[in-house]
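J.: Just dropping this structure here.
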Amino acid sequence: MDARDAEVAGLPELSGAGRTLVMGVVNVTPDSFSDGGEWFEPDTAVAHGLELLGEGADVLDVGGESTRPGAGRVPQDQELARVLPVIEALAAHGAIVSVDTTRPAVAERAVAAGARIVNDVSGGLAEPAMAHVVAELGVPYVAMHWRGHSDVMDGLEKYDDVVADVRDELAARMDALVGAGVDAAQIVLDPGLGFAKAGVLNWPLLAHLDALGSLGRPVLIGASRKRFLGHLLARPVPGASATGGDGRSGAGEPVPPRARDDATAAVSALSAAAGAWCVRVHAVRASADAVRVAAAWARASEDVTDKSVDSLTDGRTGVGGLARTWQDSQTCDDHGGSPR
Numbered sequence: 001m002d003a004r005d006a007e008v009a010g011l012p013e014l015s016g017a018g019r020t021l022v023m024g025v026v027n028v029t030p031d032s033f034s035d036g037g038e039w040f041e042p043d044t045a046v047a048h049g050l051e052l053l054g055e056g057a058d059v060l061d062v063g064g065e066s067t068r069p070g071a072g073r074v075p076q077d078q079e080l081a082r083v084l085p086v087i088e089a090l091a092a093h094g095a096i097v098s099v100d101t102t103r104p105a106v107a108e109r110a111v112a113a114g115a116r117i118v119n120d121v122s123g124g125l126a127e128p129a130m131a132h133v134v135a136e137l138g139v140p141y142v143a144m145h146w147r148g149h150s151d152v153m154d155g156l157e158k159y160d161d162v163v164a165d166v167r168d169e170l171a172a173r174m175d176a177l178v179g180a181g182v183d184a185a186q187i188v189l190d191p192g193l194g195f196a197k198a199g200v201l202n203w204p205l206l207a208h209l210d211a212l213g214s215l216g217r218p219v220l221i222g223a224s225r226k227r228f229l230g231h232l233l234a235r236p237v238p239g240a241s242a243t244g245g246d247g248r249s250g251a252g253e254p255v256p257p258r259a260r261d262d263a264t265a266a267v268s269a270l271s272a273a274a275g276a277w278c279v280r281v282h283a284v285r286a287s288a289d290a291v292r293v294a295a296a297w298a299r300a301s302e303d304v305t306d307k308s309v310d311s312l313t314d315g316r317t318g319v320g321g322l323a324r325t326w327q328d329s330q331t332c333d334d335h336g337g338s339p340r
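Set out below in structure tokens:
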């Protein structure tokens, strides 16, 4: 599925964007893996969200419960106290806000406060009532591939074929959601990178986004700063082989989360080129640039594909017709037609 053709019910202003969307992460938590505590106070969280908007975020994803590996649950009242003032303030500034929660009650209160999207890392499995709430709210719903809460998920990394298994499990989730009254047009799918997928199993999912796109719904990719990128970029230790069979740089320590932002932007560009609807990232500016590069690349590729072989040669001039057309569309200098 091409991201530029994707439409999601309830988000008319984001339909037909001509590129992959960028969702900026606003963690209102003391213990998130990459920036826990940094934006914990409501005022700083709102300021950070507005900064991400200025960097090019299309959506702000506000979460009040960490889903880092090993994290425990927080009480519902605490989650509500964290996210509601931030959502209300950002929505008042005109932001399109997503609430990152697995709890139906939090989703309901968040939408009442101004959230436009529910982003559920459990895809409705944590609390089955979520499907009925989302159906009644009628808002877009991101359903992620999930096998268990953060404190147990690493023990659930068992797959025969990770691409086929994730696709099939997401297909089953879609069927269950639609059966509970959710309109299929509300649903966005997320392969759940890093969730019950600690390492190399994330790469086949990224390399085969078309398998998820075959389910007929837009796909969101959340690779930002995740540990599989940290392992990929791990600094080799003396005496270790330069690369391992798992694609890691070596046997050294994984690089810290913020040192993974360049790799995240690379994933954003490649995901956009593969047709992802949205990328969810902590550092927005680089990924906002990356998805625009991917869109320009795709448009140029389509222009070439649409031209017949004969049109690539101009019989009157003996030069490439495509090159002439491209030059004609540019401002040229005085030295033979090269673009300035």
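Numbering (full-length UniProt numbering), first residue to last: 1 to 340. In this text, a Cβ means the ideal position worked out from N, Cα and C, and glycines have one as well.
1) Taking 8 Å as the cut-off, is the beta-carbon of Pro30 closer than that to any non-hydrogen atom of the ligand HEM?
2) In chain order, what residues of the same chain lie with their CB nearer than 6 Å to the CB of Leu170, ignoring the 5 residues before and after it?
3) Let me know the alpha helix (DSSP H) ranges lying completely inside the segment 146-189, each 4 residues or longer, listed in chain order.
4) Strictly by DSSP, which residues pair up with Ile117?
5) Any idea if Trp277 is buried or exposed, counting beta-carbon neighbours within 10 angstroms, 16 or more meaning buried?
6) Can you give the Cα-Cα distance for Ala110 and Asp160, rounded to whole angstroms?
7) Rounded to whole angstroms, what is the Cα-Cα separation between Met174 and Arg167?
8) If I measure Cβ to Cβ from Glu88 and keep anything under 7 Å in the same chain, skipping five residues before and after, which residues do I get?
9) Leaving out the 5 sequence neighbours to the left and right, which residues in its chain are closer than 7 Å to Pro191 when beta-carbon positions are compared?
10) Return the chain-ordered list of same chain residues with a C-beta closer than 6 Å to the C-beta of Val59, the five sequence neighbours on each side being excluded.
11) Rounding to the nearest angstrom, what Cα-Cα distance links Ala185 and Ala207 in this structure?
12) Just the C-alpha distance for Gly148 and Met130, rounded to the nearest angstrom, thanks.
13) Is Ala259 near Gly222, with beta carbons less than 9 Å apart?
14) Within 8 Å, do at least three Cβ pairs link the segment 283-298 to the segment 38-57?
15) On the DSSP bridge list, what partners appear for Ile221?
16) Just the Cα atoms here: how many angstroms apart are Pro42 and Leu50?
17) Grouping DSSP H, G and I as helix and E and B as strand, with all else coil, what is Leu233?
18) Can you list, in chain order, the residues of its chain whose CB lies under 8 Å from that of residue 350, leaving out five sequence neighbours each side?
19) Going by the beta-carbon positions, is the gap between Val106 and Asp61 smaller than 9 Å?
20) Tell me whether Lys226 is buried or exposed, calling it buried when 16 or more other Cβ atoms sit within 10 Å of its Cβ.
21) For Ser122, which option in Ser301, Ser150 and Leu21 has the closest C-alpha, if you only look at C-alpha atoms?
22) Just confirm the distance between the C-beta atoms of Val291 and Pro140, as a whole number of angstroms; I'd bet it's less than 8 Å.
23) Does the separation of the CB atoms of Leu80 and Val46 fall below 9 Å?
24) Comparing alpha-carbon positions, which option in Asp210, Gly199, Leu125 and Gln78 lies nearest Lys158?
25) If you follow the beta strand (DSSP E) that Ala143 is in, where does it begin and where does it stop?
26) Helix, strand or coil for Asp61? Go by DSSP, reduced to three states.
27) If we ignore side chains and look at the alpha-carbon of each, how far apart do Ala164 and Ala172 end up?
28) Find the nearest neighbour of Val267 within the set Val28, Trp203, Gly72 and Val178, judged by alpha-carbon distance.
29) State the Cα-Cα distance for the pair Ser15 and Pro236, rounded to the nearest angstrom.
30) Tell me whether Asp262 is buried or exposed, calling it buried when 16 or more other Cβ atoms sit within 10 Å of its Cβ.
31) Output the distance between the C-alpha atoms of Glu13 and Arg299, rounded to the nearest integer angstrom.
T.: This is what the structure holds:
1) For the structure depicted, the ligand HEM is absent and the ligand set is empty, with no information on it obtainable.
2) For the purposes of this step, residue 170 is taken as residue 170 along the sequence shown, with counting starting at 1. The residues are His145 and Leu189.
3) 162-179
4) Position 117 of the sequence shown, counting from 1, holds the residue named residue 117. According to DSSP, which records beta bridges pairwise, Ile117 is partnered with Ser98.
5) Counted from its first residue, the sequence shown places residue 277 at position 277. The residue in question, Trp277, is buried, as its Cβ has 16 or more Cβ neighbours within 10 Å.
6) Sequence index remark: in the sequence shown, residue 110 carries index 110 (1-based). Sequence index remark: in the sequence shown, residue 160 carries index 160 (1-based). Their Cα atoms are separated by approximately 38 Å.
7) Here residue 174 refers to the residue found at position 174 of the sequence shown. Here residue 167 refers to the residue found at position 167 of the sequence shown. Spanning the two alpha carbons is a distance of roughly 10 Å.
8) The sequence position of residue 88 within the sequence shown is 88, counting from 1. Excluding residues within five positions, the ones whose Cβ falls inside 7 Å are Ala113 and Gly114.
9) For the purposes of this step, residue 191 is taken as residue 191 along the sequence shown, with counting starting at 1. Excluding residues within five positions, the ones whose Cβ falls inside 7 Å are His145, Val166, Leu205 and Leu212.
10) The count along the sequence shown starts at 1 and reaches residue 59 at position 59. The residues are Met23, Ile96 and Ser98.
11) Counted from its first residue, the sequence shown places residue 185 at position 185. Counted from its first residue, the sequence shown places residue 207 at position 207. Ala185 and Ala207: Cα-Cα distance of roughly 25 Å.
12) Position 148 of the sequence shown holds residue 148. Position 130 of the sequence shown holds residue 130. Their Cα atoms are separated by approximately 16 Å.
13) Position 259 of the sequence shown, counting from 1, holds the residue named residue 259. Position 222 of the sequence shown, counting from 1, holds the residue named residue 222. Not in contact: Ala259 and Gly222 (Cβ atoms no closer than 9 Å).
14) yes
15) For the purposes of this step, residue 221 is taken as residue 221 along the sequence shown, with counting starting at 1. Answer is Val279.
16) Position 42 of the sequence shown, counted from the first residue, corresponds to residue 42. Position 50 of the sequence shown, counted from the first residue, corresponds to residue 50. If you take the alpha carbons of Pro42 and Leu50, they lie about 12 Å apart.
17) Residue 233 sits at position 233 when you count from the first residue of the sequence shown. Of the three classes helix, strand and coil, the one that applies to Leu233 here is coil, per DSSP.
18) Only positions 1 to 340 of the chain appear in the structure, and residue 350 is not among them; the question remains open.
19) Within the sequence shown, the letter at position 106 stands for residue 106. Within the sequence shown, the letter at position 61 stands for residue 61. Cβ distance not < 9 Å, so Val106 and Asp61 don't count as in contact.
20) Here residue 226 corresponds to residue number 226 of the sequence shown, with the count starting at 1. Looking at its Cβ environment, which holds 16 or more other Cβ atoms inside 10 Å, Lys226 is buried.
21) Locating residue 122 in the sequence shown gives position 122, where the first residue counts as 1. Cα-wise, what sits closest to Ser122 is Ser150.
22) Residue mapping note: residue 291 aligns to position 291 of the sequence shown, counting from 1. Residue mapping note: residue 140 aligns to position 140 of the sequence shown, counting from 1. Actually they are not in contact, since the Cβ atoms of Val291 and Pro140 sit about 19 Å apart, beyond 8 Å.
23) Residue 80 sits at position 80 when you count from the first residue of the sequence shown. Residue 46 sits at position 46 when you count from the first residue of the sequence shown. Contact: no.
24) As a working note, residue 158 is residue 158 in the sequence shown. Closest by alpha carbon: Gly199.
25) One-based indexing of the sequence shown puts residue 143 at position 143. Element bounds for Ala143: Tyr141 to Met144.
26) Start at 1 with the first residue of the sequence shown, and residue 61 comes out as number 61. Note: Asp61 maps to strand in three-state DSSP.
27) To locate residue 164, count along the sequence shown from 1; it is residue 164. To locate residue 172, count along the sequence shown from 1; it is residue 172. Whole-angstrom Cα-Cα distance: 12 Å.
28) Position 267 of the sequence shown, counted from the first residue, corresponds to residue 267. When each option's Cα is compared against that of Val267, the closest is Trp203.
29) Locating residue 15 in the sequence shown gives position 15, where the first residue counts as 1. Locating residue 236 in the sequence shown gives position 236, where the first residue counts as 1. Computed Cα separation, rounded: 44 Å.
30) Taking the first residue of the sequence shown as position 1, residue 262 is located at position 262. Looking at its Cβ environment, which holds fewer than 16 other Cβ atoms inside 10 Å, Asp262 is exposed.
31) Here residue 13 refers to the residue found at position 13 of the sequence shown. Here residue 299 refers to the residue found at position 299 of the sequence shown. Rounded to the nearest angstrom, the two C-alpha atoms are 21 Å apart.
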